[in-house]
Amino acid sequence: MRASRVTATAPAPEPRILAADAMSYEVSHLRALESEAIHIMREVAAEVERGVLLFSGGKDSAVLLHLARKAFHPGGLPFPVMHVDTGHNFPEVIEYRDRIVDETGAQLIVAHVQDSIDNGRVTEEKGPRASRNRLQSVTLLDAIEEGSFRGVFGGARRDEERARAKERIFSFRDDFGQWDPKRQRPELWSIYNGFVKPGEHVRVFPLSNWTELDVWQYIHEEKIVLPSIYFSHRRDVFKRDGMLYAVSDFVERMPNEAPFEESVRFRTVGDMSCTGAVASTAKTLEAVVAEIAATRVTERGETRADDRVSEAAMEDRKKEGYF
Amino acid sequence: MANGAATNGRPVPSARTSELVRFATAGSVDDGKSTLIGRLLYDTKSIFEDQLEHVEETSKRRGDGYVNLALLTDGLRAEREQGITIDVAYRYFHTPRRKFIIADTPGHEQYTRNMVTGASTADLALILVDARKGVLEQSRRHAFIASLLRIPHLVVCINKMDLVDYDQEVFDSIAAEFSGWAAKLDVHDLTFIPISALRGDNVVARSERMGWYEGPSLLYHLEHVHVASDRNLQDARFPVQWVVRPMSDEHHDYRGYAGEVASGVFRSGDEVVIMPSGRTSTIAAIDTFDGELEEAYPPLSVTVRLEDDIDVSRGDMICRPHNQPRETRQIDAMVCWMAERPLSVSGRYRIKHTSRTALAKVDQLRYALDVNTLHRDEKATSLELNEIGRLSLRLSAPLLVDEYRRNRVTGSFILIDESTNDTVGAGMVLDSDRGLAPPGPR
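Just so you know, the protein sequences line up as chains A and B, in that order.
Heads up, the first sequence is in the numbering used here, so the first residue is 1 and it goes up one at a time.
Heads up, the second sequence is in the numbering used here, so the first residue is 1001 and it goes up one at a time.
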């Protein structure tokens, strides 16, 4: 897998022969994972009536979009890209989103949590710990219903969290958008069942079998462009519950939460109200991969307040229709 | 990052040369399966501090008296509350040589369905036997399912050796009994390893407490067992998933057939036949986003272009003229039933096989197989959840099949209930010429 930043409509690069591979028919773990993900995406495009790819601007969705370009090359994406926008974004991520989607030539749909608040579908939380994280599920489900989407690609991985470890690659959602862990469809070989009735949909997770390290190694190998906040930069932050948060208009600081400047990078990208930073000096992909390989704390444990609410925080949100 | 470099004690797989290996584990709660998986994850430094802290806290709260590594693999709240495992869970760890995917399946009788699911993609099956209890009915069942699903490598870990004083005789007699059973099955690579998951004997490193054992540790075996040659590289099969027709200005006449190589090797210049039309052509190029490939082999996802402008669509299969799958409207298959509602003989189901979907009518249930004794009940009138039987199916459209024992991709299918859309059966195609011999037992 070589560096490839060409757009989906650009002419194909020069032919090449993978001598080492051809000799022994060996396939590296990254290439096997890539191939599996591409296979999954093509299945959805062919079998599920309307597809959409959820794109947050985070690293996993960046990999997902990159794989989608590979899957249908030299054709364009046969489905639109959708961002559920909490309105509490890192500006760098929105800039990145628009640039990358434009480069890909894909159609971008933005579903705004603010709209759900304005039309009374959800009520905004108040106080210093207010977050729009949980409200997103309603906006997402409304957008899926409005677009009549039947196949919804997400970048979730099974290594992220305990509840995810048991989720299928094709994850069935009922008419209410709910996930029922006890009523999952058996998933065998590489045969996927994407049949749904009106109102129902499948969430499809092509990165199910990837780990965080796989994602970073793949980004490195493929030279995938990421938002700048994944790399070390100076930023005003404050400390809460042992995590570093970016100072922003979206988070109310408590009296003891004095801001200070620090060299940080982000390990995951959610909205500004629930995503913590880690102190880091890693300015390049190589340095980030080395830090990830050496880290002793999971990405969600280290940087996501949304998973710290309770022992089954993710399980509960998934049942409600969360990503 | 250097290939295979260790960083702060946590080994990193090489991005370019490390292999992917999938294995399924089977055993009951009491066999120490969760402890073994916890041990593998812990000793390969795949456990993070926050996960370990969580386990320590939970162990304390439950009054376990020790750090219960089994808790690392507990998934859903319902399972934690009831102390059971309800479904297949996937775990990941790596060493510098390989990345591993574990399909962790519960071992109780009612969960044959889950083991079949986990086994379907596995390169290797890891079966646990409690050294104090010996070969139980469920150990035999696990070996049978592994052989039915054609998992190429079988590893039997005889666990809790610490509780039998690391006695070689206990190990030898269990291995002999298990081998006797395996001889009735289609098992080609069988390895026995004496371990103590709790104490870590022979799990990651060889144990000094069993000097009589001369084989490798479990992890060493997992890292070195030869899986690349398990792929079928003889029979060229390329199920077409998607037709790439950009119709843009630059690629106005481009027409490519996208899919994942199921088996065999395809080269540019190869003469090919398109099934089921039977039209022949030559491969003009094998395309990927990163450029053309000289050759494509499993499991690569590629796009094939042909020299001739012929009609090819999803569900077709590109093969070699002198090596073709069977094109048939009638198949015999071993089917594992996966739904609460029993199989309806004379019922109609949707059948999904490679990139083709058709309808299937059950013509006959030839027999139900007792997975514990291999007894065939020819009087059976239905298959219940978790039962396995041999079916004759009639199809609404031809499928392009190979015998499952020769090809796990073109020999497998699922049955889908038309009214609920649930996946209700998992099938393995039998060779029509092999009479009534089932694939597992010889």
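Just so it is clear, CB atoms sit at the ideal spot from N, CA and C, and this is done for glycine as well.
The model shown is predicted, which means the values in this text are computed figures rather than measured ones.
Can you tell me where the alpha helix (DSSP H) with residue i in it begins and where it stops?
| i | result |
| --- | --- |
| arginine 1113 of chain B | 1112-1120 |
| glycine 997 of chain B | Outside the modelled stretch of chain B, which goes from 1001 to 1442, sits residue 997 of chain B, for which no answer is possible. |
| isoleucine 41 of chain A | The amino acid at residue 41 of chain A is misidentified as isoleucine; the sequence shows methionine. Looking at the DSSP string, the run of the alpha helix (DSSP H) that includes methionine 41 of chain A is 29-47. |
| histidine 1054 of chain B | 1049-1062 |
| tyrosine 1257 of chain B | Careful: tyrosine 1257 of chain B lies outside any alpha helix (DSSP H), inside the beta strand (DSSP E) at 1256-1260. |
| histidine 201 of chain A | Segment 201-204 is the beta strand (DSSP E) holding histidine 201 of chain A; no alpha helix (DSSP H) there. |
| aspartate 184 of chain A | Reading off the sequence, residue 184 of chain A comes out as glutamine, not aspartate. From DSSP, glutamine 184 of chain A is part of no alpha helix (DSSP H); its letter is neither H nor E. |
| proline 91 of chain A | 91-104 |
| glutamate 1137 of chain B | 1137-1148 |
| histidine 1252 of chain B | Neither: histidine 1252 of chain B is in no alpha helix (DSSP H) and is coded neither H nor E. |
Using alpha carbons as the reference points, say which of the options lies closest to residue i.
| i | options | result |
| --- | --- | --- |
| glycine 1269 of chain B | B:Ala1262, B:Glu1294, B:Ser1263 | B:Glu1294 |
| valine 1204 of chain B | B:His1221, B:Gln1324, B:Ala1143 | B:His1221 |
| arginine 1320 of chain B | B:Leu1185, B:Pro1096, B:Thr1280, B:Asn1421 | B:Thr1280 |
| serine 228 of chain A | A:Val264, A:Asn209, A:Trp189 | A:Val264 |
| alanine 1360 of chain B | B:Glu1378, B:Tyr1404, B:Phe1413, B:Glu1340 | B:Phe1413 |
| aspartate 1363 of chain B | B:Ile1416, B:Asp1253, B:Arg1329, B:Leu1385 | B:Arg1329 |
| leucine 1385 of chain B | B:Phe1289, B:Gly1425, B:Pro1106, B:Arg1231 | B:Gly1425 |
| alanine 130 of chain A | A:Thr275, A:Glu160, A:Ser61 | A:Thr275 |
| isoleucine 38 of chain A | B:Val1335, B:Val1401, B:Val1302, B:Leu1393 | B:Val1302 |
| valine 202 of chain A | A:Val27, A:Glu34, A:Glu26, A:Met41 | A:Met41 |
| asparagine 193 of chain A | B:Asp1031, B:Phe1023, B:His1353 | B:His1353 |
| proline 181 of chain A | A:Ser28, A:Glu320, A:Val251 | A:Glu320 |
| tryptophan 179 of chain A | A:Glu167, A:Leu188, A:Pro186, A:Glu187 | A:Glu167 |
| isoleucine 109 of chain A | A:Phe153, A:Leu135, A:Phe55 | A:Phe55 |
| aspartate 249 of chain A | A:Ala71, A:Thr268, A:Phe90 | A:Phe90 |
| aspartate 1167 of chain B | B:Trp1212, B:Lys1133, B:Gly1180 | B:Trp1212 |
| cysteine 1157 of chain B | B:Leu1198, B:Thr1117, B:Ser1120, B:Ile1047 | B:Leu1198 |
| serine 35 of chain A | A:Ser273, A:Val63, A:Leu285 | A:Val63 |
Compare the C-beta of residue i with all C-beta atoms of chain B and state if any pair is closer than 7 Å.
| i | result |
| --- | --- |
| glycine 321 of chain A | no |
| glycine 239 of chain A | In the sequence as displayed, the identity of residue 239 of chain A is lysine instead of glycine. No, no contact with chain B. |
| proline 74 of chain A | yes |
| histidine 201 of chain A | no |
| isoleucine 38 of chain A | yes |
| glutamate 160 of chain A | no |
| leucine 30 of chain A | yes |
| arginine 168 of chain A | no |
| threonine 268 of chain A | no |
| arginine 134 of chain A | no |
| threonine 298 of chain A | yes |
| serine 280 of chain A | no |
Got a sec: is the Cβ-Cβ distance from residue i to anything in chain A below 7 Å?
| i | result |
| --- | --- |
| asparagine 1232 of chain B | no |
| valine 1371 of chain B | no |
| aspartate 1235 of chain B | no |
| alanine 1258 of chain B | yes |
| alanine 1024 of chain B | no |
| glutamine 1448 of chain B | This structure cannot speak to residue 1448 of chain B, because chain B is shown only from 1001 to 1442. |
| lysine 1099 of chain B | yes |
| serine 1147 of chain B | no |
| alanine 1020 of chain B | The sequence given here has leucine at residue 1020 of chain B, not alanine. So, interface residue. |
| asparagine 1421 of chain B | yes |
| valine 1244 of chain B | yes |
| arginine 1255 of chain B | no |
| isoleucine 1351 of chain B | no |
| leucine 1430 of chain B | no |
| threonine 1035 of chain B | no |
I believe residue i touches residue j by the beta-carbon criterion, under 8 Å. Please report the beta-carbon distance rounded to the nearest angstrom.
| i | j | result |
| --- | --- | --- |
| isoleucine 1127 of chain B | alanine 1026 of chain B | 5 Å |
| proline 1239 of chain B | serine 1355 of chain B | 5 Å |
| tyrosine 1090 of chain B | isoleucine 1102 of chain B | 7 Å |
| aspartate 1417 of chain B | tyrosine 1349 of chain B | 6 Å |
| arginine 1237 of chain B | valine 1409 of chain B | 7 Å |
| leucine 1374 of chain B | lysine 1184 of chain B | 7 Å |
Residue range of the beta strand (DSSP E) that residue i falls in?
| i | result |
| --- | --- |
| glutamate 262 of chain A | 260-266 |
| aspartate 1363 of chain B | 1356-1369 |
| tryptophan 1242 of chain B | 1242-1244 |
| arginine 173 of chain A | 170-173 |
| phenylalanine 1192 of chain B | 1189-1194 |
| proline 1398 of chain B | 1388-1401 |
| lysine 1099 of chain B | 1098-1104 |
| phenylalanine 1023 of chain B | 1019-1026 |
Along chain C, which residues have their Cβ under 9 Å away from the Cβ of residue i?
| i | result |
| --- | --- |
| aspartate 1308 of chain B | Among the protein chains in the structure shown, which are A and B, there is no chain C. |
* Continuous beta strand (DSSP E) assignments of at least 3 residues falling wholly in the region 204-281 of chain A -> Listed in chain order, the beta strand (DSSP E) runs fully inside the region 204-281 of chain A are 233-240, 243-246, 260-266, 276-279, counting runs of at least 3 residues.
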